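Here the sequence shown stands for residues 126 to 541, numbered as in the working numbering.
Positions of the beta carbon are idealized from the N, C-alpha and C atoms, including for glycine.
Only a predicted model underlies this, so the values are computations on that prediction, with no experimental measurement involved.
Report on one structure; see the data block that follows.
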Amino acid sequence: MPPEERLKIVQEFADLTDDEAATVFNSGGVPLDTIDRMIENVVGTFELPLGIATNFQINGKDYLVPLAVEEPSVVAAASNSARQTRDRGGFQCSASEPVMIGQIQLTGVPDPSGARLRILHHRQEILDLANEQDPVLVRFGGGARDIDVRVVNSHVGDFVVTHLLVDTRDAMGANAVNTMAEAVAPYIEELTGGKVFLRILSNLAVHRTVRGRAIFSKEAMGGEHIVDGIIMAYALAASDPYRCATHNKGIMNGISSVVRSTGNDTRAVEAGAHAFAARTGSYLPLTTYEKNADGDLVGTIELPMPVGLIGGATKTHPVAKACIKILGVDNAQELGMIIAAVGLAQNHAALKALATVGIQKGHMKLHARNVAVAAFESLGVEEDPALIDEVKEELVKGGKIRVDKAEEILKRIKGL
Ligand code: NAD
C-alpha cells in the first residue's frame with residue numbers, strides 16, 4: 126500500500142481530523158519515498174528539533190555539534206560546559222580501532238573445553254571464511270581480525286560461544302558482522318559436531334571504545350568549592366545505582382542526541398553504554414571526576430561507541446548527511462570522539478547544576494514554554510504562539526514554573 130492509503134486507514138481507525146492526518150503525512154525536508162524505503166508501513170515522519178552545541182574544541186579542532194533532541198536545556202548545558210574547558214585546552218579524546226563482536230552460540234557438544242580448542246585451532250580458516258563475505262569492507266581496510274572462544278555455563282547446559290572480532294572501519298557494522306557470523310557457523314558445527322543456535326552481534330562493544338578527558342577550570346566554573354561539590358555529587362553516583370542510573374542518563378542526553386542527528390542507532394549505543402557501565406558486576410558511572418594539583422576539575426569518560434558514517438540511515442537520511450557535514454568528520458572514530466566529549470560536557474553540566482543551584486532552576490526556565498502549552502491544553506484554549514510566549518515570560522518572572530501557575534496567568538489574560 127502507498128503511504129497515503131495506509132494513512133487513510135489509520136485516520137479512519139483513530140478518528141484523526143484532516144489537519145492531524147496532514148501533520149503526520151508532512152515529511153518535512155525529507156522526500157516521502159526516502160522515508161518509505163527506510164522502515165515498513167510508513168505513514169509520515171516524526172520531526173524533532175535540531176540544535177547546535179557550541180564551544181567544543183576536541184584535540185585542538187573546533188566543532189559545531191548538531192543535537193537532535195526533544196528535551197529543553199540539553200543543547201545549552203553542553204555548550205556551557207564545553208566553554209568551561211577552553212581555557213585548559215578543550216577535550217582530549219582517543220578511540221580504539223573500530224572492532225565489533227559477533228557471537229556464535231554452539232550447543233550440544235559433550236566436551237565444551239575440547240570444542241573450544243578445536244575452534245581456536247582453526248582460527249585462520251574461520252577468519253578467511255568471514256572475510257570472503259565482505260570484500261568491500263576488506264578493501265576499505267577492515268575485516269575479521271581475530272576470534273575468542275569461551276565456555277558459558279547456563280541453567281540449560283554449557284554453550285561454546287565464539288566471538289568473531291571484526292574491524293568494521295567507518296560502518297557501525299551490525300549487518301556486516303551478522304553476515305559473517307552466519308557464514309562461519311556451519312564450519313564451526315563441522316569442527317565440533319555441535320549445533321549452532323544464535324549468530325548475532327554483541328552490543329557490548331568493549332573493543333570499540335572512545336575516551337575523553339577535559340579540565341574544567343575552577344575560574345570558569347566559579348570557584349574551587351564547585352569543584353569539590355561536583356566530586357561529592359560524583360561520589361554518590363559511584364556508590365549508589367539509584368543515583369548512577371540518572372548520572373548515566375544525563376551523559377546519554379548528549380550522546381544519544383548526536384547519535385540520532387547523524388542517523389546512527391541510538392539503541393545500539395545505549396545498550397552498549399549501560400552494559401559497559403555494569404561490566405564489573407556493579408553498575409558504575411561512565412565518567413570519573415578528580416581534582417588536580419591546581420585545584421581544577423578533571424573529568425573523563427569511556428564507553429563503547431558503535432557509530433558509523435556509512436550504512437544504516439547515515440547515508441540515506443538527508444538531514445543526517447548534512448549533520449555529518451556540519452561536524453566535518455573524516456572517519457567514524459572521529460565522530461565517536463566528538464560524541465564522547467558531548468557526553469562528558471553534558472554530565473559535567475548536570476553535576477554542576479546539582480552541586481550548586483539545583484537542576485530545576487536552569488532546566489525549568491527552558492522548560493517553561495512546554496508548561497505554558499500544557500495550560501492551553503488543560504483549559505481547552507486554542508494555542509497561539511504569541512500568547513504562549515506571554516504566559517511563558519510571566520511564568521519565568523514569577524519563578525514558579527508549574528502548570529497551575531500557567532493556568533492562572535492564561536485565565537487572567539483571557540478573562541476566563
Ligand atoms: P550496512 O550493511 O548498511 O553497511 C556496511 C557495509 O558498507 C560494509 O559491510 C561494507 O561492505 C560497506 N562499506 C563501504 N565503505 C565502507 C567503509 N569505509 N567502512 C566500512 N564499510 C564500508 O550497515 P552496517 O554498519 O553493517 O549495519 C548498521 C545497521 O544495522 C544499523 O541500521 C543498525 O541499526 C542495524 N542493526 C543493529 C543491530 C544491533 O545493534 N544489535 C542488529 C542488526 C542490525
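In this structure, the C-beta of Met377 stays at least 7 Å away from each heavy atom of ligand 1. Contact between Ala202 and Ala475 holds, since their C-beta atoms are separated by about 7 Å, short of 8 Å.
Residue nearest to Thr232 within the set Ala500, Phe171, Ala438 and Arg324 is Arg324 (criterion: CA-CA distance).
For Gly215 against Ile183, the beta-carbon gap comes to about 6 Å, under 8 Å, which counts as contact.
As for any alpha helix (DSSP H) of minimum length 4 sitting wholly inside the segment 508-540, the runs are 510-523 and 528-539, ordered along the chain. At least one heavy atom of ligand 1 lies closer than 7 Å to the C-beta of Thr293. Per DSSP, the beta bridge partners of Asp271 are Leu290. Partner residues in the beta bridge of Arg324, as assigned by DSSP, are Ile229. The segment 459-476 and the segment 376-392 touch, with no fewer than 3 CB-CB distances between them shorter than 8 Å. Taking every protein chain shown into account, the CB of Arg294 has 16 or more other CB atoms within 10 angstroms, so this residue is buried. In this structure the segment 400-409 does not lie against the segment 247-262, because fewer than three pairs of beta carbons, one per stretch, are closer than 8 Å. The beta-carbon separation of Val302 and Arg270, rounded to 12 Å, does not stay under the 8 Å limit for a contact. Between Val432 and Asn389 a beta carbon distance of about 4 Å is seen, short of the 8 Å cut, so the two are scored as contacting. Straight across, the Cα-Cα distance linking Lys343 with Ala500 is about 41 Å. Around Ala296, the same chain offers Gly433, Ile435 and Gly436 as residues with beta carbons nearer than 6 Å, after the five sequence neighbours per side are excluded. Residue side-chain check: Leu326 places its Cβ nearer than 7 Å to a non-hydrogen atom of ligand 1. Per the C-alpha coordinates, the member of Asn166, Val155, Asp140 and Gly153 positioned closest to Glu130 is Asn166.
Rounded to whole angstroms, Phe322 and Met305 show a C-alpha spacing of 15 Å. About 6 Å separates the CB atoms of Gly424 and His473; that is less than 8 Å, so the two are in contact. Asp140 and Lys133 have their C-alpha atoms some 10 Å from each other. Within the same chain, Val432 and Val454 come within 6 Å of Leu460 by CB-CB distance, once the 5 residues on both sides are set aside. Between Arg404 and Cys218, the gap from beta carbon to beta carbon reaches 8 Å or more. Placement of the Cβ of Met297 at a distance of less than 7 Å from at least one heavy atom of ligand 1 is found.
Across the structure, Gln458 and Pro223 are spaced so that their CA atoms are roughly 7 Å apart. For Asp187, DSSP records a beta bridge to Gln182. Excluding its 5 nearest sequence neighbours in each direction, Thr441 has C-beta neighbours in its own chain below 7 Å: Thr159 and Met163, listed in chain order. Annotation: Thr412 to Glu427 spans about 7 Å, alpha carbon to alpha carbon. Spanning the alpha carbons of Leu242 and Gly268 requires a straight line of approximately 23 Å. A straight line joining the alpha-carbon of Pro174 with that of Ala207 spans about 21 Å. Here the C-alpha atom of Ala497 lies approximately 36 Å from the C-alpha atom of Asp187. Under the 10 Å beta carbon count, Gln230 is surrounded by 16 or more other beta carbons and is classified as buried.
Ranked by Cα distance from Gly266, the first of Arg392, Gln228, Asn456 and Ala330 is Asn456. Looking at the DSSP output, Ala220 bridges to Val335. In this structure the segment 500-517 does not lie against the segment 438-452, because fewer than three pairs of beta carbons, one per stretch, are closer than 8 Å. If you check the CB distance, Val309 and Leu289 come in under 8 Å.
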